[in-house]
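The sequence shown begins at 1 in full-length UniProt numbering and counts up one residue at a time.
The structure appears right after this line, and notes come after that.
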Amino acid sequence: MLLPVIMAGGSGSRLWPLSRTLYPKQFLSLTKDATMLQETVNRLGGLTHQPSIFICNEEHRFIVAEQLRKANIKNDGIILEPMGKNTAPAIALAALKAVENGDDPLLLVLAADHVIKDTDAFIQSIERAKKSAEDGKLVTFGIVPTHPETGYGYIRGGQSIDDGIYQVDAFVEKPALDIAKTYCECGDYYWNSGMFLFKASKFIQELEAHSPEILKVCRTSLDNAEKDLDFFRIPSQIFSECPSDSVDYAVMEKTNDAAVVPLNANWSDVGSWSSLWDVSTKDNDGNAVQGDVLLESTKNSYIYSQNKLVATVGLDDLVIVETKDAVLVAHKDKVQDVKSIVTQLNELGRDEHLQHREVYRPWGTHDEIASGDRFHVKHVTVKPGEKTATQMHYHRAEHWIVVKGTARVRNGEKYFLLTENESTYIPIGEPHSIENPGQIPLELIEVRSGAYLSEDDVTRIEDYGVGY
């Protein structure tokens, strides 16, 4: 049986300002209405498979759970890594979990942040690879190159194993442009997609032979994991001892059983704004546009507006991305350097690289709409049936005004309902929480006032919402 393993880690820093550390690209809707994570699962509809295993960072757990819930996607567990250790440990955790009940499925390892436009070709390549994987090959999917690309590693195919499947002769690091041109002309080289198909037991066996310390720590980590609803919480203290290594270095470059299936399916890892422009629908002037945008004498550009009208005049080959708290303007030839801006933001102690102005929580969202020296104003939305944690603050008071729906409020020792245009004042030091008992989203305006307004001024009274 086929068991998809969806790796949903990574920060996607080169797609800043849309992609942020706490809300990276795999959770965004970049080319379709569905998010990239949801699309990764949706394109498997033509396959017979078990519910997927998902692997993500601990800090992204409620985003993954919510996106799966919204898309009605079943899962076989969400493995939470307390810290990133690259792809080999992540796949090891999934393989060990897959065999714990005595089963030995074929693991289809996929990244949650890829675009594949030709789904039929993708499905056909998986079907073609199944027999070799069942026979003990570790199959990777090599993308048929469309141009000389210096941003990808390459795979050199060798002797034919079966129809459309080849032995891997070598994994090659990202080449210089002249070498990349040679690879494209040769016809034996493929882009390394980072997608795989192999038996769970075979991967464990190869990991034992070539990277035994990774296997040892991952086995101990999974043995001591805490089950919490759909989550498997990997213990930080144990997992921190795991070597950090990619699956290519840990296994694929060392095994004698690596095979490659060429894949020509209009694939992209969406690793930059220019690659997103490549796979986006364009107008007659080569412009890819999303949001409220007006164009005049503009060509071959990517323009994204999240919040404001963006108007362009006389532009060519530019990327313009507007969000609620940042604007990026870059030439398409320089978009790889966007990650340097993220580095600068980090060094300056700013938080625009960490999260958007609108922040997602298990219970809803909050969006900062105004701030000053001694006040913050936020638009808060609480989903039906959800409740915030009960907490208190030592440096700020809060004022809540309900603008839509009905709120069940705890304010100190009092419990009461608030409806539209009603409000309550939360003094410093009072325990408080808000719940939405209704059937529609609850919206309120929260006004914070005081000498210290940062998020770390919080003491939780109860740990509500365990499992997120």
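Don't be surprised by glycine CBs; every beta carbon is placed ideally from N, CA and C.
Three-state secondary structure (DSSP) of residue i
i	result
Y152	coil
V335	helix
V348	It should be noted that the sequence gives Leu, not Val, for residue 348. Coil.
Y452	coil
N411	strand
D113	coil
C56	strand
N287	coil
L207	helix
V251	helix
K387	strand
I341	helix
V377	strand
E66	helix
P89	helix
W16	coil
N42	helix
A265	coil
L309	coil
I123	helix
M1	coil
R61	helix
L96	helix
W400	strand
R460	strand
Residue from the options whose Cα sits closest to the Cα of residue i
i	options	result
V261	L294, P441, V139	V139
V377	I143, H366, K383	H366
T119	K414, I401, R43	R43
D317	D278, L417, V109, D163	D278
H147	S160, E127, E185	E185
P123	V270, D245, K216, L47	Looking at the sequence itself, residue 123 is Ile, so the reference to Pro does not match. Per the Cα distances, L47.
G164	F171, V144, E149, Q50	V144
L328	S301, E347, G314	S301
N75	Y425, A65, K202	A65
K387	I434, Y166, A112	I434
Q391	I426, D162, A265	I426
N72	P51, Q159, I179	P51
L229	A288, T35, I78	I78
residue 529	R69, H379, T31, L18	Limits of the chain in this structure are 1 at one end and 468 at the other, which puts residue 529 out of reach.
D162	K137, T35, A112	K137
P24	L108, D33, A112, V380	A112
L276	A288, G151, K174	A288
G153	E253, E368, A407, G84	E253
T255	A326, E206, N346	E206
V172	N86, Y249, R69, V447	Y249
K308	G291, L295, E296	G291
Beta carbon of residue i nearer than 7 Å to that of residue j
i	j	result
A389	I428	no
N411	H393	no
F239	S268	no
L263	F141	yes
E322	Q306	yes
A451	H399	no
V342	H356	no
A200	D104	yes
H91	V247	Residue identity differs from the one stated: residue 91 is Ile in this sequence, not His. In this structure, V247 lies closer than 7 Å to I91 by Cβ.
T21	S29	no
K319	V335	Reading off the sequence, residue 319 comes out as Val, not Lys. It is a contact, given that the beta carbons lie within the stated cut-off.
V168	A258	yes
G364	G405	no
L442	V382	yes
N224	P235	yes
Residue i versus residue j: straight-line alpha-carbon distance, rounded
i	j	result
N192	S132	19 Å
Y464	A88	Note that Y464 scores 42 on pLDDT, short of 50, meaning its location in the model is unreliable and no value can be drawn from it.
I63	C56	10 Å
G187	G157	9 Å
E81	R374	38 Å
K339	S423	43 Å
I6	S272	21 Å
V270	F198	25 Å
P348	I214	Residue identity check: residue 348 is Leu in the sequence provided, not Pro. Cα-Cα distance, rounded: 35 Å.
M195	K414	55 Å
V115	G9	16 Å
E149	R361	39 Å
Q67	F232	17 Å
K299	T281	14 Å
T312	T35	27 Å
E100	L108	17 Å
L444	R408	12 Å
CB contact check: residue i to chain C, cutoff 7 Å
i	result
E58	Of the chains in the structure shown, none is chain C; there is only one protein chain.
Closer than 6 Å: residue i CB and nearest the ligand ZN heavy atom
i	result
N266	Absent from the structure shown: the ligand ZN. Ligands present: none.
List in chain order: all unbroken beta strand (DSSP E) runs of 3+ residues lying wholly within the region 159 to 247. 165 to 172, 189 to 199, 226 to 228, 231 to 233
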